[in-house]
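Going by our numbering, the letters in the sequence shown line up with residues 13 to 216, in that order. Every residue gets a Cβ at the ideal spot worked out from N, C-alpha and C, and that includes glycine. Each remark here refers to the structure printed beneath this line.
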Amino acid sequence: MIIKNIEAKIRLATFVAGGSFLTAIMIAAISCAYAYKQVANARQSVYILDNNIPVLARQTDVQMNRPAEYRADVDLYHSLFFSLTPDDKYMEYQLKKAMYLVDESGMQQYNDLKEKGFFNSILSSSSVLTLQTDSIALDIPRKYFRYYGKLKIDRRSSTVVRSLITEGYLKDIPRSNNNPHGVLITGWKTLENKDLENVDKNTF
13 MIIKNIEAKI RLATFVAGGS FLTAIMIAAI SCAYAYKQVA NARQSVYILD
63 NNIPVLARQT DVQMNRPAEY RADVDLYHSL FFSLTPDDKY MEYQLKKAMY
113 LVDESGMQQY NDLKEKGFFN SILSSSSVLT LQTDSIALDI PRKYFRYYGK
163 LKIDRRSSTV VRSLITEGYL KDIPRSNNNP HGVLITGWKT LENKDLENVD
213 KNTF
């Protein structure tokens with residue numbers, strides 16, 4: 013009788029220990045799942061300082077926002093490359109920033125324009141170049157873009173407006189301070205750069 017009581021107590025203790033162990037595992041699993049969800053939600057939250065007051069902003073899904081980032085990167089690159097003033101230091105600064113956003117095709121176009129005296133003509137004629145983006149067409153599956161814009165060249169003697177059409181491809185790369193969108197333009201080339209208007213200024 014005593015032995016049976018001992019065996020029953022051992023079985024009860026084993027059952028209680030096993031149940032406690034399974035319960036602990038379930039609690040730990042639920043806690044881990046909850047903690048992971050909280051961390052995932054926290055990663056999608058960004059705080060922006062507005063007059064030293066933190067304001068919560070929500071990040072959107074990367075893939076959903078990627079087309080907008082592609083367009084922003086293409087627009088930024090063209091603005092840096094073509095919006096110039098008659099200041100050699102400023103042009104050097106602009107073009108240096110632009111080269112972080114493009115592969116060797118950008119440097120090739122830069123060298124071609126330099127050989128043709130494009131940048132020297134900006135200095136000698138005191139020209140101010142302003143680029144206006146009309147549209148940017150994207151083919152997301154191919155990661156291809158076509159840029160449409162108008163380049164205004166304001167010289168002392170005249171104002172010229174040119175149509176600018178370029179094309180290229182987009183490559184995802186790690187984000188950095190010099191390339192915040194994490195996009196590299198590849199195979200960039202100019203398809204059209206022709207005069208639309210050429211208005212002489214009154215010089216007297």
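Q. When burial is assigned at 16 or more other CB atoms within 10 Å of the CB, is TYR89 buried or exposed?
A. Position 77 of the sequence shown, counting from 1, holds the residue named residue 89. Answer is buried; the Cβ neighbour count reaches 16.
Q) Taking the C-alpha atoms as reference points, what is the distance between ASP151 and PHE157? A) Counted from its first residue, the sequence shown places residue 151 at position 139. Counted from its first residue, the sequence shown places residue 157 at position 145. Distance between the alpha carbons of ASP151 and PHE157: 6 Å.
Q.
Taking 8 Å as the threshold (C-beta atoms), are VAL173 and GLU209 in contact?
A. On the sequence shown, position 197 is the one that residue 209 refers to. On the sequence shown, position 161 is the one that residue 173 refers to. Yes, the pair counts as a contact, with Cβ atoms nearer than the cut-off.
**Q.** Under 8 Å between C-beta atoms of LEU203 and ILE165
**A.** In the sequence shown, residue 203 corresponds to position 191, counting from 1. In the sequence shown, residue 165 corresponds to position 153, counting from 1. It is not a contact, given that the beta carbons lie outside the stated cut-off.
Q: Could you give the DSSP three-state label for LYS201: helix, strand or coil?
A: Locating residue 201 in the sequence shown gives position 189, counting from the first residue. Here LYS201 sits in strand by DSSP.
Q) In angstroms, rounded to a whole number, what distance separates the CA positions of ALA47 and VAL28? A) Working through the sequence shown from its first residue, we reach residue 47 at position 35. Working through the sequence shown from its first residue, we reach residue 28 at position 16. When rounded, the distance between both Cα atoms is 28 Å.
Q. Taking C-alpha atoms, which residue in MET38, LEU92, ILE148 and THR26 lies nearest to PRO79?
A. Within the sequence shown, numbered from 1, the residue matching residue 79 stands at position 67. Residue ILE148 is the option with its Cα nearest to PRO79.
Q) Taking Cβ to Cβ, would you say PHE130 is nearer than 8 Å to MET103? A) What you label residue 130 is simply residue 118 of the sequence shown in a count that begins at 1. What you label residue 103 is simply residue 91 of the sequence shown in a count that begins at 1. No.
Q) Nearest to ILE134 by alpha carbon, out of ASP207, PRO192, PHE94 and ASP146? A) Reading the sequence shown from its first residue, position 122 is the one you call residue 134. That would be PHE94, whose Cα lies nearest to the Cα of ILE134.
Q: Go ahead and pull the three-state DSSP assignment for TYR160.
A: For the purposes of this step, residue 160 is taken as the residue at position 148 of the sequence shown. Looking at TYR160 - three-state DSSP - the assignment turns out to be strand.
Q) Mind checking LEU34: buried by the 16 CB within 10 Å criterion, or exposed? A) As a working note, residue 34 is residue 22 in the sequence shown. Exposed, since its Cβ has fewer than 16 Cβ neighbours within 10 Å.
**Q.** Residues bridged to GLU127 (per DSSP)
**A.** Position 115 of the sequence shown, counted from the start, is the residue given in the question as residue 127. GLU127 pairs with nothing; no bridge assigned.
Q) Using a Cβ-Cβ cut-off of 6 Å (strictly less than) and excluding sequence neighbours within five positions of LYS183, which residues of its own chain qualify? A) Position 171 of the sequence shown holds residue 183. So the list reads LEU196 and THR198, once near-sequence residues are dropped.
Q. Under 7 Å from any heavy atom of the ligand NAP, does the C-beta of GLY161 make it?
A. Ligands are entirely absent from the displayed structure, and the ligand NAP is therefore not among its contents.
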